[in-house]
Amino acid sequence: MNSSRQDTQDPSRKPPASRRLPGVAPLVLETPPDASYALLDSGNGQKLERYGPVTIVRPEGQALWRPSLPDKRWREADAVFTGDTDEDGIGRWRFPRTPLGETWPLDWDGIGFHGRFTSFRHVGVFPEQAAHWRFAQEAIAGAGRPVRLLNLFGYTGVASLVAARAGAHVTHVDASKKAIGWARENQQLAGLGDKPIRWICDDAVKFCEREVRRGSRYEAILLDPPKYGRGPKGEVWQLFDNLPHMLDLVRDMLAEKPLFVVLTAYSIRASFFALHEIMQETLGDQGGRLESGELVLGSEGSDRKLSTSLFSRWIAP
Ligand SMILES: C[S@@+](CC[C@H](N)C(=O)[O-])C[C@H]1O[C@@H](n2cnc3c(N)ncnc32)[C@H](O)[C@@H]1O
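Going from the sequence shown to my numbering is simple: count from 1 and add 1.
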């Protein structure tokens, strides 16, 4: 247990909510294939995807089944993640056809950003998050009042750009200087340089503790923490230890008239019911509704679904 941080047994935690929120669990949010992104096939522990014009092969532990497409289609991929730990960054990718650069142009709903070959098989965007981007965009555009959105663990910032374009004043927090640099590049690429976005490189828990002390408030909060992570000064983030405290901080930063809180979690040994219950315990007395489940990718040309992550979203009354 990480003693330097508040933990679940902490007596200073507020009592659990007394009211039970209505809502839906499970709710499956599916991102279908489109011009920006498509899951072309999956199987034998791998997935074949198209990001804009580029097709790539990456490992996918959940793909226990056999691929649907012929081998030839997989061999025609533009990039293959090798995971060769002797290499770094783009070095961990093989380009069977023509050598490609580190980045390539991508777009979601008219917002331009970079795809990027990174060390960790990530490519600078999580396409299944489109379900959250669409939800946030509609809620912000429909609010009819100023919206301050906080995007915690924001990575390359596509969600921040979507929210800013919809009219929100955005605060984007990530511990990685590199990710913040990529996010700023994406802001220029998207032609949203004039939009009010604060890019903050900091530890998410520390940042939120300071915001609570300052009395800062947000109408909308997105958080997509990794299972394990580190802040810029080595602060340790362990989802199972630190999420309850983080959600207490989130509740304490909610504005008088909030809109929503969206939590996503990847590759954790837990069900969406776990996220549902901790959100229920923390936000139950705020009223509104709670929807929890999985983000899945639909396949092009087949009915197969690939689950990517768990989520829980609280929608204000
Ligand atoms: C799964 S990614 C988030 C993806 C993002 N939501 C998106 O849709 O693009 C997790 C992010 O958490 C950041 N991170 C890890 N530990 C952190 C910490 N202690 N404080 C703030 N950010 C952290 C990483 O740098 C990484 O960008």
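No residue lacks a Cβ here, since even glycine has one placed at the ideal position from N, Cα and C.
Assignment of PRO33 by DSSP, reduced to helix, strand and coil, places it in the coil class. Counting only heavy atoms of ligand 1, the residues whose C-beta sits closer than 5 Å to one of them are, along the chain, PHE127, GLN130, PHE154, TYR156, ASP175, ALA176, SER177, ALA180, ASP204, ALA205, ASP225, PRO227, GLY230, GLY232 and TRP238.
Classified as exposed, ASN45 has fewer than 16 neighbouring CB atoms from the shown chains inside 10 Å of its CB. In the structure shown, PHE82 falls within a strand segment according to DSSP collapsed to helix, strand and coil. Per the DSSP secondary-structure output, GLY44 pairs in a beta bridge with GLN47. Separation of ARG314 and MET280 (C-alpha to C-alpha, rounded to the nearest whole angstrom) is 8 Å. Between LEU298 and the set SER310, GLU77, GLY289 and ARG290, the nearest pair of CA atoms involves SER310.
Look at ALA26 here: in three-state DSSP terms it is strand. Following the DSSP letters along the chain, one finds GLY294 inside the beta strand (DSSP E) bounded by residues 290-299. Membership of GLY116 in the beta strand (DSSP E) is indicated by the continuous run 112-117. Shown here, PHE261 sits in a strand according to DSSP, grouped into three states. Here DSSP, grouped into helix, strand and coil, assigns THR172 to strand.
In this structure, PRO27 sits near SER293, with a CB-CB distance shorter than 8 Å.
Residue state for LEU240 is assigned as helix, using DSSP reduced to three classes.
Note on geometry: alpha-carbon atoms of ASP253 and ALA221 lie some 12 Å from one another. Secondary structure of SER272 (DSSP, three-state): coil. The C-beta separation of ALA80 from ILE57 comes to about 4 Å, placing the pair in contact by the 8 Å criterion. By the Cβ neighbour-count rule, PHE127 is buried, with 16 or more other Cβ atoms within 10 Å of its own.
In the DSSP annotation of this structure, ALA18 is not part of any alpha helix (DSSP H), being labelled neither H nor E. A Cβ-Cβ contact shorter than 8 Å links LEU307 with LEU40.
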